[in-house]
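Residue 457 is where the sequence shown starts when you use the numbering used here, and the numbers rise one by one after that. All C-beta atoms, glycine included, are put in the ideal place defined by N, C-alpha and C.
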Amino acid sequence: MYKNNQAFTIIEILLVIFIILTIAGLLFPVLYKIREKSNQAVCMSNMGQAYKAILQYTFENDGYLPLESNSGLCSGEVWFKAVDRYIMTDALPENQTEISTKEKLLQIKQDPVFKTISQDDKDITRSIKMNTQLAQGTMCNRMIDSISLPSRTVLLFDGRVNNTIVASKYDGSYGSVAQRHSKGANILFIDGHVERIQNGDSDGTANEGWSNGHAGQGIIWDPDQ
Numbered sequence: 457m458y459k460n461n462q463a464f465t466i467i468e469i470l471l472v473i474f475i476i477l478t479i480a481g482l483l484f485p486v487l488y489k490i491r492e493k494s495n496q497a498v499c500m501s502n503m504g505q506a507y508k509a510i511l512q513y514t515f516e517n518d519g520y521l522p523l524e525s526n527s528g529l530c531s532g533e534v535w536f537k538a539v540d541r542y543i544m545t546d547a548l549p550e551n552q553t554e555i556s557t558k559e560k561l562l563q564i565k566q567d568p569v570f571k572t573i574s575q576d577d578k579d580i581t582r583s584i585k586m587n588t589q590l591a592q593g594t595m596c597n598r599m600i601d602s603i604s605l606p607s608r609t610v611l612l613f614d615g616r617v618n619n620t621i622v623a624s625k626y627d628g629s630y631g632s633v634a635q636r637h638s639k640g641a642n643i644l645f646i647d648g649h650v651e652r653i654q655n656g657d658s659d660g661t662a663n664e665g666w667s668n669g670h671a672g673q674g675i676i677w678d679p680d681q
């Protein structure tokens, strides 16, 4: 008597596995791009919040920007800390209400790459930096209205995190840029708009930094030149 065998054969199982792997292979690049776009959007949003906070700081300080760095002979508030009292920490999702105010502020003042930094290094890592070349001669602070081309002058940018010395700084210039968003870097300009700009083929993890400051986009780092 003929017996109907319902069991899968080895060939059928292998065929199913092959189909699953093929579909996964097709989906992975798509999901990766979605994640990259999401990280880029979060970074742009964070820069936008930081800009609003910096702008509020200038309103309360006679139009002067906060300090780019805590180094040198200048005394005053460094931008990374000066913005804290102006940032709305309640803008974060409700499921994050249990984390401390400090952690909330860091999530807003940093790029999403900050989540990948080890806990030991988080206190000394600045993934978003302020343009150090905004400093005007021997003056410690610069008036925001003294910048003649605000739409092309860099204020904040995606900064390097893979070099401990560079990563710990609040400030930097084109040599400190990290193209971590699909081989592009988010740049916030003095007028408040953000652009993703690519200069060369660095992916933000190796050979970080730009060899020149213009990137073919007419970008201004030093407004006095």
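502 is the residue among 502, 603, 638 and 521 whose C-alpha sits nearest the C-alpha of residue 566. Along the length of the segment 475 to 544, whole alpha helix (DSSP H) runs at least 4 residues long occupy 535 to 538, reported in chain order.
Spatial neighbours of residue 496 in its own chain (CB-CB distance under 6 Å, excluding positions within 5 residues in sequence) are listed in chain order as 637. Sequence-distant Cβ neighbours of residue 538 in its own chain, meaning closer than 7 Å and more than five residues away, are 513 and 522.
Note on geometry: alpha-carbon atoms of residue 543 and residue 599 lie some 21 Å from one another. Linking residue 612 to residue 645 through their CA atoms gives a straight-line distance of about 7 Å. Of the residues 530, 624 and 560, the one whose Cα lies closest to the Cα of residue 541 is 560.
Between residue 617 and residue 583, the CB-CB gap stays under 9 Å.
Between the alpha carbons of residue 472 and residue 506 lies a gap of roughly 50 Å. The beta carbons of residue 639 and residue 614 sit about 11 Å from each other, so the pair does not count as a contact at 8 Å.
Residue 597 is a Cβ neighbour of residue 517, given a cutoff of 9 Å. Take the alpha-carbon of residue 469 and the one of residue 475: they are about 10 Å apart.
Per the coordinates, the alpha-carbon of residue 601 lies some 36 Å from the alpha-carbon of residue 573. Less than 9 Å divides the Cβ of residue 630 from the Cβ of residue 669. Shown here, residue 468 sits in a helix according to DSSP, grouped into three states. Residue 656 sits in coil when the DSSP states are folded into three classes, being neither helix nor strand. In this chain, the alpha helix (DSSP H) harbouring residue 561 covers 557 to 565.
Under DSSP, residue 590 forms no beta bridge with any residue. Distance from residue 634 to residue 524 at the Cβ level is roughly 17 Å; contact not present, criterion being Cβ atoms closer than 8 Å. A distance below 7 Å between beta-carbons, with the five flanking residues on each side excluded, links residue 651 to the following residues of its chain, in chain order: 643. Taken atom to atom, the span from the alpha-carbon of residue 532 to that of residue 581 is near 21 Å. Counted as a single uninterrupted DSSP element, the stretch harbouring residue 641 is not any alpha helix (DSSP H) but the beta strand (DSSP E) occupying residues 641 to 645. Counted as a single uninterrupted DSSP element, the alpha helix (DSSP H) harbouring residue 622 occupies residues 620 to 623.
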